[in-house]
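**Student:**
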């Protein structure tokens, strides 16, 4: 029986993961965070943790003080996100700060406090929900520029995940960076990306959650610190492709980028 922590569990992928894990007989408890002060759920395996805002400096402390002391977290998934639309003519300082703090700064303090308090220990898994939009290699001229905070904050998250994996490897805690797929969510709709849903092969959050949960089952310390795309940018067999090439590339500096290149060529 596993304890699952989902940071950012009220909407989109986080909500779908919450529902999925709560329905599994192998789940002992789902600890689900929300930014609001109250949240209700009819799911018996879900315990809500209120007032958790990943963009705030005290997010880690607030989280660990609300978790039951005896509950080791088997899998912690950080799926909280924020997308503020920008263009070159209209960059937005406040939006960028919020995107960086939510995507790349807050997760450090969440994970550090969970480890320090003993909730994450040997055998635990940390999954940081990233995006292919953070890849410099995969960014093509035809897609243009703009949305600086969105893309760069995900690139920063990828580095954060790599560094956390190095710090936590001796503790036998695996850290994975995962692109769950392009999704049909209110967040992508709110920035006008719904016009790309069909051509981009966008999937529902429920579909993405199923793929991610399946990937997490097989994820272990041998895969730590690497970027994974279980569905690929348009679905497919990215998990299989990546698993095949990682052994050959793992000794090469910058292997993560080679994997991303192979995924983009295949998919």
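In our numbering, the protein residues as written are 10 to 276.
Beta carbons: idealized from backbone N, C-alpha and C, even for Gly.
These numbers come from a predicted model, not from an experiment.
Using CA coordinates, which residue listed in 18, 174, 44 is at the minimum distance from residue 182?
**Tutor:** Translated into positions along the chain shown, residue 182 becomes position 173. Selected option, being the one with the closest Cα: 174.
**Student:** What's the gap between the Cα of residue 127 and the Cα of residue 74?
**Tutor:** As a working mapping, residue 127 is identified with position 118 in the chain shown. As a working mapping, residue 74 is identified with position 65 in the chain shown. The alpha-carbon atoms of residue 127 and residue 74 are separated by roughly 12 Å.
**Student:** Would you call residue 163 buried or exposed, if buried means 16 or more other Cβ atoms sit within 10 Å of its Cβ?
**Tutor:** For the purposes of this step, residue 163 is identified with residue 154 of the chain shown, where counting begins at 1. Under a 10 Å Cβ-count criterion, residue 163 is classified as buried, with 16 or more other Cβ atoms of the shown protein chains found around its own Cβ.
**Student:** Does the Cβ of residue 231 have 16 or more other Cβ atoms within 10 Å, making it buried, or fewer, making it exposed?
**Tutor:** Here residue 231 corresponds to residue number 222 of the chain shown, with the count starting at 1. By the 10 Å Cβ count, residue 231 comes out exposed.
**Student:** Roughly how many angstroms lie between the CA atoms of residue 84 and residue 16, to the nearest whole one?
**Tutor:** In the chain shown, residue 84 corresponds to position 75, counting from 1. In the chain shown, residue 16 corresponds to position 7, counting from 1. Going by the C-alpha atoms only, they are around 11 Å apart.
**Student:** Please name the residue in 124, 142, 149 whose C-alpha comes closest to that of residue 167.
**Tutor:** By one-based count along the chain shown, residue 167 stands at place 158. Comparing Cα positions, the closest option is 142.
**Student:** According to DSSP, simplified to helix, strand and coil, what is residue 20?
**Tutor:** Your numbering for residue 20 matches position 11 in the chain shown. Of the three classes helix, strand and coil, the one that applies to residue 20 here is coil, per DSSP.
**Student:** Taking 7 Å as the cut-off, decide whether the C-beta atoms of residue 63 and residue 111 are in contact.
**Tutor:** For the purposes of this step, residue 63 is identified with residue 54 of the chain shown, where counting begins at 1. For the purposes of this step, residue 111 is identified with residue 102 of the chain shown, where counting begins at 1. In this structure, residue 111 lies closer than 7 Å to residue 63 by Cβ.
**Student:** Between the Cα of residue 219 and the Cα atoms of 26, 131, 20, which residue gives the shortest distance?
**Tutor:** Taking the chain shown and counting its residues from 1, one reaches residue 219 at position 210. Among 26, 131, 20, the Cα nearest to that of residue 219 belongs to 26.
**Student:** According to DSSP, simplified to helix, strand and coil, what is residue 134?
**Tutor:** Residue mapping note: residue 134 aligns to position 125 of the chain shown, counting from 1. Three-state result, residue 134: strand.
**Student:** Which residue marks the beginning of the alpha helix (DSSP H) containing residue 65, and which one marks its end?
**Tutor:** Locating residue 65 in the chain shown gives position 56, where the first residue counts as 1. Taken as a continuous stretch (DSSP letters only), residue 65 belongs to no alpha helix (DSSP H), as it is neither H nor E.
**Student:** Report buried or exposed for residue 125, applying the criterion of at least 16 other Cβ atoms within 10 angstroms of its Cβ.
**Tutor:** On the chain shown, position 116 is the one that residue 125 refers to. Exposed is the call here.
**Student:** Residue 35 by DSSP, collapsed to three states: which one?
**Tutor:** For the purposes of this step, residue 35 is identified with residue 26 of the chain shown, where counting begins at 1. Note: residue 35 maps to coil in three-state DSSP.
**Student:** Which residues does DSSP list as the beta-bridge partners of residue 147?
**Tutor:** For the purposes of this step, residue 147 is taken as the residue at position 138 of the chain shown. Answer by DSSP bridge pairing: none, since residue 147 is not bridged.
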